[in-house]
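Chemist: In my numbering, the protein residues as written are 5 to 121.
1. With a threshold of 8 Å on Cβ separation, who are the neighbours of residue 64 within its own chain once the five nearest residues in sequence on each side are excluded?
2. Excluding sequence positions up to five away, which residues of its chain have a Cβ less than 6 Å from the Cβ of residue 92?
3. At the level of alpha carbons, what is the spacing between residue 39 and residue 17?
4. What are the start and end residues of the beta strand (DSSP E) that includes residue 101?
5. Excluding sequence positions up to five away, which residues of its chain have a Cβ less than 6 Å from the Cβ of residue 42?
6. Specify the secondary structure class of residue 66 as computed by DSSP and reduced to three states.
7. When the distance is taken between beta carbons, is residue 111 closer than 8 Å to residue 97?
8. Cβ of residue 80 within 8 Å of Cβ of residue 26?
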C-alpha cells in the first residue's frame, strides 16, 4: 500500500489550503483514512479521520475550520483547511488504517504546511 500526499505550502494566516492523499496498492474497502500532523519538537497528533462509511472525527483545535472528505472511487482523502493559524504549521501526514484481527496502518510521506502571521 502506498500513500501519496500533496497540497502543502506556505500561506498567510486566515488563508486556506487543500491537502490530498491518494492510496494505491492492495486496498480493502473497510478502512479509516486520516490526517495527522507533527510540529517541530512535538509528537504526531491526529487532525481528522473519516471512515469508509463517512463518519468523521476532528481534533478540537481544528473543529469548524478543517473538513475531511474522501472519494472512495479514487481512493483519495482530502483535508480542506480554512482560517489557518500559525499554530497549524506542521508536517501533515495521511494515514490509512485497516482494522481487523491484525490492524494494518500505512503512512504517506508528509507534506509541509507553513502558516505565516
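Even glycine gets a Cβ: it sits at the ideal position worked out from N, Cα and C.
Computed from a predicted model, the values in this text were never measured in an experiment.
Modeler: In short:
1. If you ignore the 5 residues before and after residue 64, its C-beta comes within less than 8 Å of no other C-beta in its own chain.
2. The beta carbon of residue 92 is closer than 6 Å to those of 119 in its chain, skipping five residues each way along the sequence.
3. C-alpha separation (whole angstroms): 20 Å.
4. That run of the beta strand (DSSP E) goes 94-102.
5. If we look at residue 42 and ignore the five residues flanking it on each side, its Cβ neighbours are 48, 94 and 95.
6. DSSP places residue 66 within a helical segment (H, G or I) once states are collapsed to three.
7. Yes, these two residues count as a Cβ contact at 8 Å.
8. With contacts defined by Cβ atoms closer than 8 Å, residue 80 and residue 26 form a contacting pair.
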